[in-house]
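Comments concern the structure below.
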Amino acid sequence: MEMIKELLIQLFEILIYPGLLFLFVAALLADWIDRKLYARMQNRQGPPWYQPLADFVKLISKETIIPKHAVGKHLFRVLPYLAISAVVVCIFFIPISGSLALMSFQGDLIAAAYLLSIPTMCFFLIGWTSSSPYSAVGAMRVLTQFFAYEVPMILVLIGPAIVAGSWRIEDIAYYYSANPSMMFVNILGFIVALITMQGKLERVPFDIPHAETEIVGGVFTEYSGKLYGFIKLAISIEMIVVAALFNAVFMGGSLGLEGFLGFLLFCFKVLIIILISAIIRSAMARVRIEQMINFCWRVLVPIAMLQLIISIIARAFHG
Amino acid sequence: MPKITVPLGPQHPALKEPGNFMLLLEGEEIVDATLRLGYNHRGIEKAAEARNFVQATYLIERVCGICSHSHATCYVTNVENIAGLEIPQRAKAIRVVIGELERIHSHLLWLGVAAHEIGFDTLFMYSWRDREYVMDALEALSGNRVHYSMNTIGGVRRDISKEAHEDILKKLDILEERTNYYIHLATQEPTLHARTKGVGALPKEEAIRRDACGPLLRASGVARDVRKDDPYLIYDQLDFKVITSDACDVFGRLYVRVFEILESIKILRQVLSNLPEGPFAVKTPFKIPAGESVTRYEAPRGEDIHYVKADGGPNPARVKVRAPTLANFESVSYMLTGDQLADAPLIIAAIDPCFSCTDRATIVASGKQSVQSLKDLRTYGIEFYKKKGIDFTKVK
Amino acid sequence: MAKPLSVFGELVRNFFKKASTQGYPFKKASVDSNFRAQIKYDPALCVGCQLCVKNCPADAIKIIQINPEDKPQVGADGKVIPVHRKFECKIDLTRCIFCAQCVDSCFKKALSSSQDFELASTDRSSLVYIKKYQDASQDKADSEEKEQK
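The listed protein sequences correspond, in order, to chains A, B and C.
The number in our numbering is simply the position in the first sequence, starting from 1, with 65 added.
The number in our numbering is simply the position in the second sequence, starting from 1, with 174 added.
The number in our numbering is simply the position in the third sequence, starting from 1, with 4 added.
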């Protein structure tokens, strides 16, 4: 009896909260908020709240066309789901309501960072299997961009871990809740993280892999219907997950508040991160790939290194 | 690294009209670019010969959507020259007003398109929103947002009323403020600099050698402007500067266009402040005598040349249109070579191309010339798709 | 010189401004009173000179006489009463380019521009604007016929 109850609870956690269904709703909402903010800043009305859902339903109901010349048709079909599952698993490591995450072990920060790079790899493979010239160029860009932003991003994620003295996301969030003043130590790292987030989520100014005016749909050019709907969903979920991860790692998650209130605070802070992302997205032009690499390696990596040193010194002083 | 060919067009999000650019890529760098046109040939010149002079005005206006007034004015001036008509000063001034409003509208449109090509959608939305002021002014003046149909043989069709006059002046103030903001933005935004400076280089000698015209030529440091060099209408009485830039790149073209908006506002204020009194049209002559005429006109995109020949009959015997984009296309493949793929849409957009204006004639590859009737073409099309597994015979 | 996020102030300003876009099909769009949209025909003024037909660039307008059989009649006082020619106007909206040249050509002002620009229809036959000459008595007969139905 106990076992069945536990199993049911686990199923609930995976399928409903904080698993698939919750993430699905949250992703659509975040997508809408992002689009609405973007539109309002451009002095437009913006879409109604159900627009992302309507888009998703429309894509799901459309016919999926698989190109004749695609190499590895099974791979072509499986990759969107792989991308989604990777980001969904990642949310289990993050303490959303309260201070406890669903799954937690020493070093889950690294695991989360790796899980977050799986969608990027999926997008690269998606471009590669499509074998159309636009997808090929897009796939090359995905990989090049990955090498540019991933290093500073991982480097700045190490900073809080050093300050908190733990590789657990849960512990880091707990540490910052206990010592809120220590958050300011990582302010540089947080800024770098927000910039690399634009690269991770492939948004302006780093939406190079699917720059529509250059290479049409980029890696997703050949995708349609259900599969494309799931890719879109994966990107929206990734946005939520990355924002949640940064919130937990840099801003102390729900700041020690338990239950529903903690959850609300958490959502509010995630929304702030999405707002910052929307502002960056609307205030800039897309840069070229080599400009992006230059920027990441010449500006972001040194700042990230500096942040590491600051973190180590802060740790030494604070004990 | 293997070379791959990436087609840009005929259907591509960066192109607003069909045109084809085959880009040979080595990594991200373009090593060669081939240009192919002819997807938009509409046979306007031939169609003009089947219409009378008044009807042809509206047809020629539809050569281009954005510079509709330029083409119509150019054609109408030709016909007036042939008929020996002296049009009233007020008509000339109104033509200048519409022409300069059109220039502002075209340049703002270009700014938006160029911003969209580099992914700066916010600037795109702002500039198109501000363009609405010009569109509204044109709508109030002429009765339509795009095809103004202001010209008729012998003058213009509508007068500028007192209210419209004040309304335009008010809108010009807003536009001037907004244009100054864009100048401020263009000098400050680092991502905009990163994407436009040094991109699509066209040195002065090359621009002259390749017969570039309009803002493209002026951005390469050559002060050529038909309004100054060969003044038509009342441009010789107006005080304005020819904007040039020595940057020779996309940033220079941006600079030239944005500052030309300010010059146009200056011209409009001058014309509107002392609009000549009197009639705005003379009677359209019943018969146009035999003769021929060539007119040049500075369209927003560059020098527009029209030729009209009349043989005394009701219809023009020949109409020839040389749209500015045709002259500028020559430079595109030069500018593309050696640049990045990411810059290709911007470089193409930077000449402000208008493919349908340009597609005046189609050259059929030698040896393959054939004449097919519409019926034959239809059967050919049905057979062609049948081979691909699509049956169109059931479609009526 | 180069300042990142230089557009930020403008973004904030626009965020709190009223949106400049409209929800068009739900909110009616307005056009200027000078706008050239659908052409309206007044059969009472038309004399059938066919100038509008001659100058129409799109070949969209047709003016047809609806009583070609009528002969001139001799009145009681011996004077010849000329035929009152009656016309029907057909404008094919799928061909019309709304240049309003016909309005300029018409010296009797039988044609005029209106501001009706929402002309889209799913039915092709409703895209032909037809207006016939009807005199007062016939109007009455028509309405009576409708009532009977």
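Where is the CB? At the ideal position from N, CA and C, for every residue including glycine.
None of the values given here were measured: they were computed from a predicted structure.
Candidates the options: closest to residue i by CA position
i: R401 (chain B); options: B:A368, B:A375, B:S438; result: B:S438
i: L365 (chain A); options: A:A92, A:L190, A:V257, A:K123; result: A:V257
i: W302 (chain B); options: B:T532, B:A288, B:I261, B:G426; result: B:A288
i: A393 (chain B); options: B:Y406, B:P377, B:Q263; result: B:P377
i: L449 (chain B); options: B:A338, B:G317, B:M196; result: B:A338
i: Y356 (chain B); options: B:T251, B:G329, B:D304; result: B:D304
i: E504 (chain B); options: B:L391, B:D310, B:L428, B:R443; result: B:L391
i: R353 (chain A); options: A:Q372, A:R206, A:F249; result: A:R206
i: V273 (chain A); options: A:A135, A:M349, A:L253; result: Checking the displayed sequence, the identity of residue 273 (chain A) turns out to be Ile instead of Val. That would be A:M349, whose Cα lies nearest to the Cα of I273 (chain A).
i: I339 (chain A); options: A:C361, A:E303, A:L371; result: A:E303
i: Q356 (chain A); options: B:F414, B:E202, B:N194, B:Q411; result: B:E202
i: K220 (chain B); options: B:R492, B:Y481, B:I521; result: B:R492
i: F255 (chain A); options: A:F189, A:L292, A:A204, A:A308; result: A:A308
i: I156 (chain A); options: A:S169, A:I280, A:P145, A:L144; result: A:S169
i: G486 (chain B); options: B:I479, B:I462, B:M509; result: B:I462
i: F382 (chain A); options: A:G327, A:G172, A:V216, A:A229; result: A:A229
i: I219 (chain A); options: A:Y241, A:M247, A:S231, A:L181; result: A:L181
i: E291 (chain B); options: B:R369, B:T247, B:Y232; result: B:R369
i: L94 (chain A); options: A:P112, A:L80, A:S231; result: A:P112
i: P453 (chain B); options: B:V320, B:R496, B:I261, B:V416; result: B:I261
i: G239 (chain B); options: B:E200, B:V396, B:R277; result: B:R277
i: H139 (chain A); options: A:V284, A:W114, A:L76, A:I191; result: A:I191
Residue(s) in a DSSP beta bridge with residue i
i: S162 (chain A); result: In DSSP, S162 (chain A) forms no bridge with anything.
i: Q514 (chain B); result: B:E203
i: V78 (chain C); result: C:V84
i: E472 (chain B); result: B:E477
i: I43 (chain C); result: C:S117
i: E466 (chain B); result: B:K483
i: V180 (chain B); result: B:L197
i: N255 (chain B); result: Paired residue(s): none; N255 (chain B) is not in a bridge.
i: E232 (chain B); result: According to the sequence as given, residue 232 (chain B) is Tyr; it is not Glu. Y232 (chain B) pairs with nothing; no bridge assigned.
i: P490 (chain B); result: B:A484
i: A455 (chain B); result: B:G329
i: R496 (chain B); result: B:I479
i: E92 (chain C); result: C:I68, C:K136
Expected contact under 8 Å - CB spacing of residue i and residue j to nearest Å
i: P498 (chain B); j: C387 (chain B); result: 5 Å
i: L442 (chain B); j: E274 (chain B); result: 5 Å
i: R346 (chain A); j: T25 (chain C); result: Not really, about 19 Å apart at Cβ, beyond 8 Å.
i: V335 (chain A); j: V152 (chain A); result: Their Cβ separation, rounded to whole angstroms, is 14 Å, which puts V335 (chain A) and V152 (chain A) out of contact at 8 Å.
i: D120 (chain C); j: A41 (chain C); result: 5 Å
i: L197 (chain B); j: I204 (chain B); result: 5 Å
i: G426 (chain B); j: M509 (chain B); result: So it is not a contact: roughly 12 Å between Cβ atoms.
i: K127 (chain A); j: G290 (chain A); result: 4 Å
i: C100 (chain C); j: A64 (chain C); result: 4 Å
Outcome for residue i when other beta-carbon atoms lying within 10 angstroms are tallied against a minimum of 16
i: E323 (chain A); result: exposed
i: H245 (chain B); result: buried
i: A243 (chain A); result: exposed
i: N138 (chain B); result: Summary: the structure shown does not reach residue 138 (chain B), with chain B confined to residues 175 through 570, and so no result is reported for it.
i: L165 (chain A); result: exposed
i: P490 (chain B); result: buried
i: D478 (chain B); result: buried
i: E472 (chain B); result: buried
Contact set between residue i and chain D, taken where Cβ atoms lie within less than 8 Å
i: I408 (chain B); result: Here chain D cannot be found, since the structure's protein chains are A, B and C.
**OP:** Closer than 9 Å, Cβ to Cβ, to anything on chain C: give me those residues from the segment 210-230 of chain B, in chain order.
**Re:** For chain C, the residues of the segment 210-230 of chain B that bring a beta carbon within less than 9 Å of one of its beta carbons are R225, N226, V228, Q229, A230, in chain order.
**OP:** Could you name the residues of the segment 316-327 of chain B whose beta carbon sits closer than 8 Å to any beta carbon of chain A, in the order they occur along the chain?
**Re:** Shown here is that no member of the segment 316-327 of chain B has a Cβ falling below 8 Å from a Cβ of chain A.
Original post:
For the segment 500-529 of chain B, which residues have a beta carbon sitting closer than 9 Å to at least one beta carbon of chain A?
Top reply: Taking 9 Å as the cut-off between beta carbons, the residues of the segment 500-529 of chain B near chain A are Q514, L515, A516, D517, A518, P519, L520, A523, in sequence order.
Subject >> Chain-ordered residues of the segment 92-122 of chain A with a beta carbon less than 9 Å from chain C >> reply: Within the segment 92-122 of chain A, the qualifying residues are L102, A104, R105, M106, Q107, N108, R109, Q110, G111.
Original post:
Got a sec: which bits of the segment 340-354 of chain A sit with their beta carbon under 8 Å from any beta carbon on chain B, in order along the chain?
Top reply: Residues passing the 8 Å Cβ filter: S347, A348, M349, A350, R351, V352, R353, I354.
Original post:
Using a Cβ cut-off of 8 Å, which residues of the segment 355-384 of chain B contact any Cβ in chain A, in chain order?
Top reply: So the close ones are E363, T365, L366, A368, R369.
**OP:** Closer than 9 Å, Cβ to Cβ, to anything on chain B: give me those residues from the segment 100-117 of chain C, in chain order.
**Re:** Result list: I101, F102, C103, A104, Q105, D108, S109, S117.
Subject >> Contact set between the segment 25-41 of chain C and chain B, restricted to residues whose Cβ is under 8 Å from the partner >> reply: Within the segment 25-41 of chain C, the residues whose Cβ lies closer than 8 Å to some Cβ of chain B are V35, D36, N38, F39, R40, listed in chain order.
**OP:** Pull out every residue of the segment 269-298 of chain B whose Cβ sits closer than 9 Å to any Cβ of chain A, in chain order.
**Re:** Hits within the stretch, in order: A289, H290, E291, I292, G293, F294, D295, T296, L297, F298.
Subject >> Short-range partners of chain B found in the segment 164-196 of chain A, where Cβ spacing is below 9 Å >> reply: With the criterion set as a beta carbon lying under 9 Å from some beta carbon of chain B, the segment 164-196 of chain A has no members that meet it.
Subject >> Against chain A: residues of the segment 8-20 of chain C by CB proximity under 7 Å >> reply: Cβ contacts with chain A: L9, V11, F12, L15, N18, F19.
**OP:** Can you give me, in chain order, the residues of the segment 261-282 of chain A that have a beta carbon less than 8 Å from any beta carbon in chain B?
**Re:** Listed in sequence order: V269, P270, D272, I273, A276, E277, T278, E279, I280, V281.
Subject >> Contact list for the segment 415-445 of chain B against chain C, Cβ threshold 7 Å >> reply: Listed by position, the residues of the segment 415-445 of chain B near chain C (Cβ gap below 7 Å) amount to none.
Original post:
Of all the residues that make up the segment 67-83 of chain C, which are near chain B by a beta-carbon distance shorter than 7 Å?
Top reply: Answer set for the segment 67-83 of chain C: empty.
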